[in-house]
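> The structure under discussion is supplied below as structure tokens; questions concerning it will follow.
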Amino acid sequence: MKRLLSYFILILIIIACSKENGNSDEQNSVEFDRSTILVNLADNIIIPNYNAFQEKMNALKSSSEKFISELDSENTSTNYEDLHNKWVEAYMSWQKIELYDIGKSEEIYFKSKMNTYPADQSRIEKNISTGSYDIENPNNYSCQGFPTIDYMIHGIDDNKEKIILKYRENEKYGQYLQDIIKEMDENTTEVVSSWASFRSSFISSYENTATSMFNMLTNDFVYYFEKGLRTNKIGIASGVFSDEKLPNKIEAYYSTLNSFEPISKKLLIEALNSVENFFIGKSSDGLSTGSSFKTYLDYLKSNNSGEEDTDLSLTITTKIETARNTINNLDNDFIDQINNDNIKMLQAFDALQVIVVHLKVDMLQTFNVAVDYVDADGD
4 MKRLLSYFIL ILIIIACSKE NGNSDEQNSV EFDRSTILVN LADNIIIPNY
54 NAFQEKMNAL KSSSEKFISE LDSENTSTNY EDLHNKWVEA YMSWQKIELY
104 DIGKSEEIYF KSKMNTYPAD QSRIEKNIST GSYDIENPNN YSCQGFPTID
154 YMIHGIDDNK EKIILKYREN EKYGQYLQDI IKEMDENTTE VVSSWASFRS
204 SFISSYENTA TSMFNMLTND FVYYFEKGLR TNKIGIASGV FSDEKLPNKI
254 EAYYSTLNSF EPISKKLLIE ALNSVENFFI GKSSDGLSTG SSFKTYLDYL
304 KSNNSGEEDT DLSLTITTKI ETARNTINNL DNDFIDQINN DNIKMLQAFD
354 ALQVIVVHLK VDMLQTFNVA VDYVDADGD
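Residue numbers (the numbering used here): 4 to 382.
Written as structure tokens, this is what we have:
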């Protein structure tokens with residue numbers, strides 16, 4: 004009888020433990036709501052940054068119109084300086100939205116039209132000379148956007164006075180400048196306006212499928228960091244992918260070449276800051292943080308059910324800071340840096356490459372998101 008009672012008590016203990024473990028498993032199995040990431044990105048980062056960029060584009064357009072319409076006035080030099088400043092401000096603002104190549108932006112090839120560099124100098128001059136050009140032709144992507152404005156206001160001659168004189172002597176230069184800025188402004192308006200209706204479908208598409216907005220945006224983010232930032236802003240010009248250094252392929256080349264203002268480093272740092280803000284979910288005004296890739300990784304770390312306890316989000320943010328410090332050590336003039344001490348450019352590339360691996364391999368595997376693009380870098 005005592006033995007039977009002991010068995011009965013043991014069974015009750017086992018059942019109680021099973022229920023307790025079952026409740027714990029049930030709590031741990033609560034899935035992270037990935038839609039919260041999309042909501043935070045859309046409402047606090049993407050849309051506000053697009054709106055801010057549109058304001059900068061409007062200001063750039065107005066400044067260019069004033070410069071062209073007052074070429075013979077005493078204010079020409081001042082207007083030119085204002086045009087340069089508005090170009091810099093808009094270009095800096097562009098760094099905050101270039102990585103969002105999704106929705107209408109992807110549909111109209113917004114990124115390619117706005118920032119394909121280096122600009123095709125010979126084709127631009129041909130377009131200006133003939134006055135006949137189809138700006139929608141993909142062959143003209145390198146003949147419009149910010150790099151082409153750079154050529155038009157810093158590269159058609161080697162100083163401000165000579166450049167202004169060219170505009171005075173040949174009105175075709177002014178016409179082309181206004182045409183490409185008008186196209187940029189209209190494309191920006193189209194993309195910004197699309198978010199009014201696109202937002203709802205964007206934030207509701209968070210399932211783990213190849214065509215969901217979450218998976219596509221995740222891949223776009225990694226692709227931008229690898230190609231748009233690491234490769235385009237550092238790798239190509241420093242000769243990582245060729246047998247020679249190619250300083251003419253830096254971003255904002257002509258402004259640096261002719262000693263107007265070397266802004267390539269500023270653009271790179273702004274792009275890296277934008278990537279970090281995206282990753283940690285920091286709002287466009289910098290006053291708050293919300294649901295993000297970082298919080299998703301932190302959640303998965305806390306629910307890894309005994310798997311390797313790696314703090315991936317901390318690793319990524321730490322490596323971003325390391326890359327930023329490496330970039331800050333570069334000369335403001337990337338042409339001089341590449342020509343005279345390219346090893347520092349290569350070190351900056353390597354610092355960014357470390358992050359590529361963490362994003363493209365570690366983060367995507369943790370999210371169980373498949374890579375949707377092919378490259379030849381061997382990452």
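Glycine residues also receive a C-beta, built at the ideal position from the N, C-alpha and C atoms.
Predicted, not measured: the structure shown is a model, and the values here were computed from it.
Would you kindly report the start and end of the unbroken alpha helix (DSSP H) that includes Y157?
The question names Tyr, but residue 157 is His in the sequence shown. H157 -> alpha helix (DSSP H) spans G148 to H157.
> Counting pairs of Cβ atoms below 8 Å between the region 278-291 and the region 256-270, do you hit three or more?
no
> Looking at the secondary structure, which residues open and close the alpha helix (DSSP H) in which P51 lies?
I50 to S72
> Going along the chain, which residues of its own chain have a beta-carbon closer than 8 Å to the beta-carbon of K268, five neighbours each way excluded?
I330, L333, D334, N335 and F337
> Within a Cβ cutoff of 6 Å, which residues of the same chain sit near V372, ignoring the five residues on either side of it in sequence?
N218 and T221
> From L355 to N78, what does the alpha carbon distance come to, in whole angstroms?
44 Å
> Rounded to whole angstroms, how far is the Cβ of S241 from the Cβ of K230, which I believe are closer than 8 Å?
Between K230 and S241 the Cβ distance is about 15 Å, and since that is not below 8 Å, they are no contact.
> Helix, strand or coil: which one does DSSP assign to K169?
helix
> If I follow the unbroken alpha helix (DSSP H) through I131, where does it start and stop?
Q124 to T133
> Under a three-way DSSP split, which group does T39 fall into?
helix
> Would T212 be called buried (16 or more neighbouring beta carbons within 10 Å of its own) or exposed?
exposed
> Just grab the DSSP bridge partners of K285 for me.
T292
> From L102 to L275, what distance separates their C-alpha atoms?
11 Å
> Using CA coordinates, which residue listed in D314, L303, N328 and K347 is at the minimum distance from F35?
L303
> On the three-pair Cβ rule with 8 Å, is the region 183-190 touching the region 139-159?
yes
> Could you give the DSSP three-state label for A240: helix, strand or coil?
coil
> Measuring alpha carbon to alpha carbon, tell me which of T321, I253, D223 and E273 ends up nearest K363.
D223
> In terms of residues, what are the limits of the alpha helix (DSSP H) holding H87?
T79 to W97
> With a floor of 4 residues, list each alpha helix (DSSP H) that falls wholly inside the region 172-245, ordered by position along the chain.
174-206 and 216-226
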